[in-house]
Structure formats: C-alpha cells, structure tokens
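Just below is one structure, and these are the notes that go with it.
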Amino acid sequence: RSCKYSLTRTHHTAFQFHVFHLASEMSKDQREALSKSKRISNPGCYPTGFIGLTRPLVEAGILAEGTPLTVNAISGYSGGGKALMEIYEAGGAEPWGAYGFGLTHKHIPEMAKYSKLNRKPIFQPQVATFVQGMVVSVPLHYAWLHGDDVKAADLHAALTEYYKDASAFIEVVPLGESGCKDAGLLERGAFLRPDTLADTNKMQLFVFANDEQEQAVLCARLDNLGKGASGAAVQNLNIALGLDETTGL
Numbered sequence: 519r520s521c522k523y524s525l526t527r528t529h530h531t532a533f534q535f536h537v538f539h540l541a542s543e544m545s546k547d548q549r550e551a552l553s554k555s556k557r558i559s560n561p562g563c564y565p566t567g568f569i570g571l572t573r574p575l576v577e578a579g580i581l582a583e584g585t586p587l588t589v590n591a592i593s594g595y596s597g598g599g600k601a602l603m604e605i606y607e608a609g610g611a612e613p614w615g616a617y618g619f620g621l622t623h624k625h626i627p628e629m630a631k632y633s634k635l636n637r638k639p640i641f642q643p644q645v646a647t648f649v650q651g652m653v654v655s656v657p658l659h660y661a662w663l664h665g666d667d668v669k670a671a672d673l674h675a676a677l678t679e680y681y682k683d684a685s686a687f688i689e690v691v692p693l694g695e696s697g698c699k700d701a702g703l704l705e706r707g708a709f710l711r712p713d714t715l716a717d718t719n720k721m722q723l724f725v726f727a728n729d730e731q732e733q734a735v736l737c738a739r740l741d742n743l744g745k746g747a748s749g750a751a752v753q754n755l756n757i758a759l760g761l762d763e764t765t766g767l
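Numbering (the numbering used here), first residue to last: 519 to 767.
Pasting the structure below:
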C-alpha cells in the first residue's frame, strides 16, 4: 500500500518544513537541519531539476532573484500517476503532450522559493511515451546575467564549485555539446535522452551554450521516480536517522 501526501499553501504556512530538496546538496547546512527535523517534506521531480540548476547561480550572484526564467521539461508518463499510466500502457495516449497551459502548475511556487527567485518562472511541462526519466531545461540570455562578461565556462564553474562537496548523486558533466559528445552522454552524439538515469538516485547537470550568440541552455537529467521522488525520500530518511546517505541507493 502506498500513500501520497502533498503540501498545500495552508500546510506551508501552518508548519515549518525543512524541505529536502537535494538533501545535503542544496546547502552546506542542509544535512544538519534534516538530522534535527521532525517534519520533512520531499521535493517534486520538476523542482529538483530546476532548483538544482538555478539556485547555485543565484547564490553565486550570477543570476538575479528577479530574472524572468522559463522552464521546459519532459517526463516519463509515470509522473502522471496511476491513472495516466493506465492510459499510456493501454495504448490510448498521444505520443507526446504538453500541458499546464494555465501557468499554475502546483510545482511553480516550490521552484521559485527554493531557487531563491522572487519571480515565478514560466513552466511548460510535457509527457511522452516512456515510463520514467526526465530532462528539465532552462534557457538563458547572457544579458540576464550579472558579472563581468559571464560566459558558459563561468556558468559551468559556478555549478561545479557549488556541488564540489555534494554527494556522489550529483554530477556536473563536461561543458558544452562537444564535451558531452566526448563523454558519451548524448545519443548518437546529438540527443539528450531523458531515461538514461532511470532506476537511480542520480542527477546530471549540463551547460550547453553559444558564447558568440550569448545564449545558454541549462539541463538537468534525472529519474522522476528516483532522484525526483522515492530516491530523494530514502536519501532524506537516511540523513534523518543518522545512516550513511547512500544506504539502499
């Protein structure tokens, strides 16, 4: 038997939750906060990718809190729960579909709050005919960034520095399309496959960019049921109980 409990706005104001997001990876004092907490919530799958990409840049002063960001993300159909899974597995669903056109997706407040943004991002979620896995993408214009002539290497360096002491579950992969090709991270040297990390608690962070055009796309790849759900819960529980963070993962 399984149970799902989601936080509403009322819950957020009634209690103080130490939100798990990325466990020890979100901040240096997060592990200690979790170990002392009695009420702990786990992050949504889409926010895990978005916050993992953006919070380091906000804290580094590269990304302003008021930056108007857009999030494009695709997930396996398991993210829609039992009802959507039954539709897809019966062969009655479209091969790909975008949704959330009211721009009020339940994860938007979480994305803004825990990435330290004071402006809600525009979030466009999508679902397709694979079971689990996801890619979360955040496009950036360099004109939005703060700092002296910020380039792709600076974005990559900020992520690398932020996660240098994080758990082994977070990987900042080699910079750019060429770096990812050389590392074998792109299907047929071109495609970022969303289900590569299925059945793991891992998340990979990518920086793709064109410095001449002053544009970048940040991507996070993870399992919506792993690092985006049950894996995060187990990691969180391990920390709360004083166990090795990787136990069972």
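Idealized CB from N, CA, C, for every residue including glycine.
Counted within 10 angstroms of its Cβ, other Cβ atoms place residue i as buried (16 or more) or exposed
i    : result
F641 : buried
Y617 : exposed
N754 : buried
K624 : exposed
S696 : exposed
D741 : buried
Close Cβ partners of residue i (< 6 Å) along its chain, the five nearest in sequence each way excluded
i    : result
F724 : V691 and C737
I688 : E543, Y681 and M721
Presumed contact (8 Å Cβ cut-off) between residue i and residue j, rounded CB distance
i    : j    : result
R637 : P586 : 6 Å
A747 : C563 : 6 Å
T764 : G744 : That belief does not hold up - the Cβ atoms of T764 and G744 are roughly 13 Å apart, past 8 Å.
A591 : V649 : So it is not a contact: roughly 16 Å between Cβ atoms.
Cutoff 8 Å: residue i Cβ touching any chain D Cβ
i    : result
A601 : You won't find chain D in this structure, because it holds only one protein chain.
Residues that DSSP places opposite residue i in a beta bridge
i    : result
P613 : Answer by DSSP bridge pairing: none, since P613 is not bridged.
Q722 : E689 and R739
A646 : G594 and W614
Residue span of the alpha helix (DSSP H) that contains residue i, given as start and end
i    : result
A573 : Strictly speaking, residue 573 in this sequence is Arg, with Ala absent from that position. C563 to E577 is the extent of the alpha helix (DSSP H) around R573.
H674 : A670 to Y680
P639 : No alpha helix (DSSP H) holds P639; DSSP gives it neither H nor E.
G584 : Taken as a continuous stretch (DSSP letters only), G584 belongs to no alpha helix (DSSP H), as it is neither H nor E.
N756 : G749 to A758
Delimiting residues of the beta strand (DSSP E) encompassing residue i
i    : result
G594 : T588 to G594
M652 : M652 to H659
Beta-carbon contacts of residue i that lie in its chain and below 7 Å, excluding the five residues immediately before and after
i    : result
R711 : E705
N560 : F538, A750, A751 and N754
Neighbourhood of residue i by C-beta distance below 8 Å, restricted to the same chain and skipping five residues each side
i    : result
H664 : G579, I580, L581 and A582
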